[in-house]
Amino acid sequence: MNRTTRVWRAGAVVLAAGLALTACGSDDSSGDGSSSGGDCTEQNLAFLGALTGDAGALGVNMANGIQLAVDEYNEDAECEVGLKKFDSQGSPDKAPALATEIVGDDTIIGLVGPGFSGESLATGKTFFEAGLPSISPSATNVTITEQGWTTWHRVIGNDNAQGAADAKYLTDTVGASKVYVIDDAQDYSKGLATVVKDTLGDTAVGYDEIQVGQTDMSATVTKVTAAKSDAVFYGGYYTEAGLLVKQLRQAGWRGTFMSGDGAEDPAFVKVAGQAGNGAVLSAPAAPAPEDFAAKVKDDTGSEAGLYTTQSYDAANIFLEALKAGNTEPKDINDFIGSYSGDGVSGPISFDDKGDIETSTIYAYMVKDGELDTENPTAIE
Amino acid sequence: MSERTRVLELDDVTLRFGGLTALDSVSFHIDEGEILGMIGPNGAGKTTAFNAITGVYQVTSGEVRFAGRSLAGLKRHAITKLGIARTFQNIRLFGSMTALENVLVGADANHSTGVLSALFRTAKHRREEDDGHERGMELLEFMGLASRADELAANLSYGDQRRLEIARAMATGPKLLCLDEPAAGFNPQEKAQLMELIRRVRDRGFTVLLIEHDMRLVMGVTDRIVVLEFGKKIAEGTPAEIRDNPAVIAAYLGVDEDAS
Amino acid sequence: MNFSFLVNHIVELSITGLALGAIYALIALGYTMVYGVLQLINFAHSEVFMYGTFAVAWVFVFVHGTTSVNQTLGGTAGLLLLSLLAAMAMSAAIAMLLERVAYRPLLKRKAPRLMALISAIGASFALSELMGLRDRVVGWVGLRDDLDNYVSKARDVYTNPVTIQPQTVFTVGGYGVKDVDIMVIVASLLMMVALDQFVRRTRFGRGIRAVAQDPESAALMGVNATRVIRGTFILGGIMAGAAATLYMVKIGSTRQNAGFIFGVKAFTAAVLGGIGNLRGALLGGLVLGVAENYGAAIFGTQWKDVVAFVLLILILLVRPSGILGESLGKARA
Amino acid sequence: MGVVRENLDRVARRYRALPGPARVALVVLLVVLVYLLPLLRPPIITTNQIDFGGVMFAIAAFALVAVGLNVVIGYAGLLDLGYVGFYAVGAYTTGVLTSYHAHWAFFLALPVAIAVTMVTGVLLGWPTLRVRGDYLAIVTLGFGEIIRIAVTNVEWVGAARGIKDIPHPPNIGPDPEPPFGDGGLFTIPSLQWDGIVPSLDSGRETTFLVFGAVSAVPYYWLVLSFLILILFADRLIKDSRVGRAWEATREDEDAAEHMGVPTFKFKLLAFALGAAVGGLSGSLYASSQSGYINPQSFPLLLSILFVAAVIVGGAGNRWGAIIGGTLVAYLPERFREFADFRLLVFGLALMILPVYRSQGLLPPRRTIRARAAAEEIEHLEGRDEAPTEVV
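Protein chains in written order, with this note's numbering: chain A, 3 to 382; chain B, 7 to 266; chain C, 1237 to 1569; chain D, 6 to 396.
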């Protein structure tokens, strides 16, 4: 998924240093990364993603998963591993300087991240040229793994897989014959919507784009109802998705509304209200198993959320590489390339581009004013 | 009179705003080296005539000619470059610039350095800068403002600001200098100095068009006077002739026109 | 490009466009009035509107609770009236605060106008961020649990629990006109007429016009400019509060940066109509709303803002001071 | 606040009192220091958590933009709320020419990008500079949005995907061979500080002179060099007929027109020159470390921050613009620990600043000089009333 903070981007700025805010909201890198034994050199994992800003919640989900893996490892490790967190606010403009900081830090042996596709594209070269292996838990844009960055991996299915599955779901399970495809012109959204549209072929009867931040959808609603479509696929994020389905229902439209992982969030229902009922939201991720969720809660004090399992798995691959005695970036990278195992999120192995080999797409339903995050259906 | 060169000629000039006729078939001319006064009660159209000459308004009909050339359709800055400069009734200096810089802006009307010659400090640029400074300082000197050259225009005293405006206008190198109530707000002593100054300006070879309220000043300094009322020219002549003109007296004493 | 679509659905596109434009127009009034008296772009007016939308949502949560339901317009009439008052009060209070904190100190010091713009931009950031951090603020005060329904996840979209389900009132050209759209258009027209009359007929309105025309002579004639300016901000705030209520009726969700886009659009509307001109703001808003919808129909919805701005540039080329020209007291004082 | 001003004046006076060669030496020393800053990593001002070189690059880029926008806002008095549009045009022209549709070398694309941006400035300015000042604000804001929406939706410039693989400036020495070969002539380590004791940090080094993705320092040097060039150019233009014409136009457009200044032409010139600098910065940004641009890099908010940088620093003063740009780019990175509160504090600071410094942090030099002149005159005349604030 490829969310970037939209409005409060580049220049979140403090002008007055002297203002007494030191007490509040400090979010330093929590990893003390201290070595316990005598001949241990300091070693850290890094996380790069949004910890604050509009998408901050997702980054926190990821950081929690990594933290759990690191804590479990440290329980019986000879040399402890720390975690350094770098807050990009999801912005592709902030990320390069953070990436430089990461590659300039010799104690960092691997990166879990970057969180989103935009920042992945902006930093991929830096990590590649510096030879730092990375595993992203959540960046799904197809083009990232087409860059030839041999140090870049992800443990999540890309948008091609999801788009094809979504289109199949609409025609086979829903039985739609006229689908209207809409997106918000963002990279992620358009990529996903285009795959859906192309897979649908003639079944896609119309296409429109809205803008992120737009609230009045009346022109789009007119288009959908005029096309007499029986389903809408929306590529984008939950805010606009919620507003769109609400205004469609207000106009009396009765078809099936479907969207992708950008909208797969409880907040979708909050925005849509009762209008969200019956909506189908897909995601390339299954919910966290119960015992895992309990461990996360136990360890970090927070609930497991979207991408927590993937982050946990990604961190564990690095930690297993360490256990196997790899300390040089090149060795670690080779280890990841040939890795194969069962993570909490499913079976993991990488193809030669760095994409995960097998991924399952799940459809989550909205029922009775709630997003059922527990019981998704796997789309075959 | 006809052997002298006509600097400016207004030929049957009419100017209307909507239904209002601000200038009604006004004709007069100014000869080289002359000081022409323009008087009239408030709202008579003096400033309007001024604005028609300097290109603020385009005339509705008739023609304004400068050195034989029609000014129709010319932009204000182009008219300035042709050789008409003006001052303003309510002082309009560039307050955040120094006195010298104000004059330099005027002098720049004759210059043409652009970005490139400024960037490469070409010979032309240097020549023009030197020329501007020289001429500017000379004019400030002439106005008695040399010691104030580096002071901000906004910080000058009222009288100095009036004088600086005249210097700035002279710096554009005009043939015709139009002064719009230069004595407004002056005390009698300052007015006397101003009269002297205007004469000296003329002696430097400028032709002067003077709008003024103060009759004594106008009578004392001008060669000829044009009187406007309600947008019409009601009289023209030497100060002595104007002083005795019944129409002018009526206009100034506010006698009802029908009665006269 | 899809002109036949526009032609076939022109009624629907016009009416929904008018409803959106009516909201723009109400916000535009705030820009236009402040500009009229101060010649300042009140950049923070968008936040005045945004706080109003939250007031509406909070009133609903307070009275109705958080369970989300669908309701008809008629069924929520009482609540809407209540929230209208709350939104007006909230927006007026924020506008007043702005005047007091971000403008008056600068006017007193005769700061350059650009500096006042910076102050307004700062106020806009601060107000918007404050709303985005309200959970923290409430947490410091120790009220987090009591106020959770109002605080929620502060940066997320905050939604009115009651979704208003529009009813078709009558049909024109095959399109069922919805009660919500009629209500939005009529309500904003009423507000606008009321304001117009207020400015024309009352003593205070004459004060506004006098200050707009010439602050110095107004002061000589005994008009208290400070009071007039404050009053102008409050009036603008009240109108923004009304806009906020209508916005919540139509859209139903808001967030801490919801004001931004509407603020830009409303300011565009104000300039389009002729800034400083109340009727111009109305006309500008309506034209903008309809043009956006037409543009979205022809070129695709993503080009809607481009259509709006291109229209603005074109109109300014033909009429450099807006459709109706500038006046707040100037032309018809 | 008065104390700050007095001290600044005192420093300026002392500097002017130095003999010529000493002045030159001092300036050279200062410039070298500024170049070396990201390697010296002086304590306190060095950012932690984020690469200092990258931050210095951002600062230099912001300062460059601010200097360009200062021509438009500070000199000519035109409020431009859509400057990010020019920045985007520069960046996208570079992207299209070097990667997306052709494969020009960066230094070939750079002048074209500047020229294209300049033409864009003229095309935008031609119709809009005729409308009155305040309307210009909304029209330019609209222009910035039009550019952003256009690049988001037009497939020809990559739409939402943006443009990748924009080539970097040419390296000196052998090219690097990623992922595990450095290239370049030699590496320069940076310093690390233990309190006030410096030592060499071998882990953090920059390869001379490789414009790669690993170190931001070479890009910083490049932008800084352009910044210095632009500063010289800015000064030469400002101290000429052109600069005077801008100032006169800003002060009183009608009067300027009557003094023979073709104001429209000069406003258009300011617009075009400002745009050119915006295009230059955009082009440099496009070819920087990540070599990747997408439409989200050019939001409206960025325009507003640019304007804030210029005005906070003191509109009309090029050093003020640099200080404003520096603050706006640097402080949020230095104080990353404020996290969510950054924008709130920024907003409050913007509100407070105008009250205490209504001319910005560094008002135009002229007022300082004029104040000195006023003091002198007072001294001569033996008056001792306080001079009134200028402007």
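A virtual CB, placed ideally from N, CA and C, is assigned to each residue, including glycine. Note that this is a predicted model, so its numbers are computed, not measured.
Using a 10 Å radius around the Cβ and a threshold of 16 neighbouring Cβ atoms, would you call residue i buried or exposed?
{"i": "A:MET219", "result": "buried"}
{"i": "C:ASN1278", "result": "buried"}
{"i": "C:TRP1376", "result": "exposed"}
{"i": "C:ILE1503", "result": "Inspection of the sequence shows that residue 1503 of chain C is occupied by Phe rather than by Ile. Counting Cβ neighbours within 10 Å, C:PHE1503 comes out buried, since at least 16 surround it."}
{"i": "D:TRP442", "result": "Residue 442 of chain D lies beyond the stretch modelled for chain D, which goes from 6 to 396, so this question has no answer here."}
{"i": "B:ASN108", "result": "buried"}
{"i": "C:GLN1538", "result": "buried"}
{"i": "B:LEU106", "result": "buried"}
{"i": "D:ALA22", "result": "exposed"}
{"i": "C:MET1436", "result": "The question names Met, but residue 1436 of chain C in the sequence shown is Arg. It counts as exposed."}
{"i": "A:ASN377", "result": "exposed"}
{"i": "A:TRP255", "result": "buried"}
Which residue from the options puts its Cα closest to that of residue i?
{"i": "C:ILE1551", "options": "C:THR1399, C:LEU1524, C:ARG1463", "result": "C:LEU1524"}
{"i": "D:GLN301", "options": "D:GLY90, D:SER104, D:GLY25, D:ASP257", "result": "D:GLY90"}
{"i": "A:ILE133", "options": "A:ALA166, A:GLU82, A:LEU113", "result": "One point to set straight first is that residue 133 of chain A is Gly, not Ile, in the sequence displayed. Minimum Cα distance to A:GLY133 is reached at A:LEU113."}
{"i": "A:THR142", "options": "A:GLU376, A:VAL234, A:ILE363, A:THR128", "result": "A:ILE363"}
{"i": "C:ILE1511", "options": "C:VAL1542, C:LYS1540, C:SER1557", "result": "C:SER1557"}
{"i": "C:LEU1334", "options": "C:HIS1281, C:PRO1348, C:LEU1350, C:VAL1447", "result": "C:HIS1281"}
{"i": "B:THR213", "options": "B:VAL19, B:LEU182, B:ARG98", "result": "B:LEU182"}
{"i": "A:ILE137", "options": "A:TYR190, A:GLY339, A:LYS325, A:GLY280", "result": "A:GLY339"}
{"i": "A:ALA265", "options": "C:SER1319, C:ARG1372, C:VAL1299, C:ASP1392", "result": "C:ASP1392"}
{"i": "C:GLY1410", "options": "C:ARG1515, C:ALA1494, C:ASN1244", "result": "C:ASN1244"}
{"i": "C:ASP1432", "options": "C:LEU1471, C:GLY1499, C:GLY1458, C:SER1304", "result": "C:LEU1471"}
Could you tell me which residues DSSP puts in a beta bridge with residue i?
{"i": "D:TRP324", "result": "In DSSP, D:TRP324 forms no bridge with anything."}
{"i": "D:VAL33", "result": "DSSP output for D:VAL33 lists no bridge partner at all."}
{"i": "B:CYS184", "result": "B:ARG92, B:LEU215"}
{"i": "C:GLY1412", "result": "C:THR1407"}
{"i": "B:ARG22", "result": "B:THR27"}
From the beta carbon of residue i, is the nearest beta carbon of chain D less than 8 Å away?
{"i": "A:VAL105", "result": "yes"}
{"i": "C:LEU1548", "result": "yes"}
{"i": "B:GLY120", "result": "yes"}
{"i": "B:ARG82", "result": "yes"}
Within 8 Å (strictly less), CB to CB, does residue i reach chain C?
{"i": "A:ALA277", "result": "yes"}
{"i": "A:THR173", "result": "no"}
{"i": "D:ARG66", "result": "Here residue 66 of chain D turns out to be Ala, not Arg, going by the sequence shown. No - not a single Cβ of chain C is within 8 Å of the one on D:ALA66."}
{"i": "A:VAL234", "result": "no"}
{"i": "A:ASN220", "result": "According to the sequence displayed, residue 220 of chain A carries Ser and not Asn. Chain C, which has a Cβ nearer than 8 Å to the Cβ of A:SER220, makes this yes."}
{"i": "A:SER28", "result": "Annotation note: pLDDT 35 at A:SER28 (below 50); position unreliable, coordinate value reported separately. It does not: the Cβ of A:SER28 has no partner Cβ on chain C nearer than 8 Å."}
{"i": "A:ILE350", "result": "no"}
Would you say residue i reaches chain A, if we count a Cβ-Cβ gap shorter than 8 Å as a contact?
{"i": "C:LEU1350", "result": "no"}
{"i": "D:TYR297", "result": "yes"}
{"i": "C:PRO1402", "result": "yes"}
{"i": "D:PRO174", "result": "no"}
Closest Cβ-Cβ distance between residue i and chain B: below 8 Å?
{"i": "D:ARG246", "result": "yes"}
Exercise for review: Quick one: which residues of the stretch 47 to 58 of chain D get their C-beta closer than 7 Å to a C-beta of chain A? List them in chain order.
Suggested key: Flagged, chain order: GLN54, ILE55, ASP56, GLY58.
Exercise for review: Select from the stretch 123 to 153 of chain B all residues with a C-beta closer than 9 Å to any C-beta belonging to chain D, and list them in chain order.
Suggested key: Here the close residues are SER123, ALA124, LEU125, PHE126, ARG127, HIS131, GLU134, GLU135, GLY138, SER153.
**Study point:** Chain-ordered residues of the stretch 32 to 62 of chain B with a beta carbon less than 7 Å from chain D
**Key:** Taking 7 Å as the Cβ-Cβ cut-off, the stretch 32 to 62 of chain B approaches chain D at THR60, given in chain order.
Review point. Of the residues that make up the stretch 1365 to 1383 of chain C, which ones have a beta carbon closer than 7 Å to any beta carbon in chain D?
Key: Under the 7 Å Cβ criterion, the stretch 1365 to 1383 of chain C contributes GLU1365, LEU1366, LEU1369.
Practice item. Compile a chain-ordered list of the residues in the stretch 137 to 149 of chain D whose CB is closer than 7 Å to at least one CB of chain B. Key: Within the stretch 137 to 149 of chain D, contact with chain B at the beta-carbon level (separation under 7 Å) is assigned to no residue.
Exercise for review: Taking a Cβ distance cut-off of 7 Å, strictly less, list which residues of the stretch 354 to 381 of chain A are near chain C, in chain order.
Suggested key: Listed in sequence order: GLY371.
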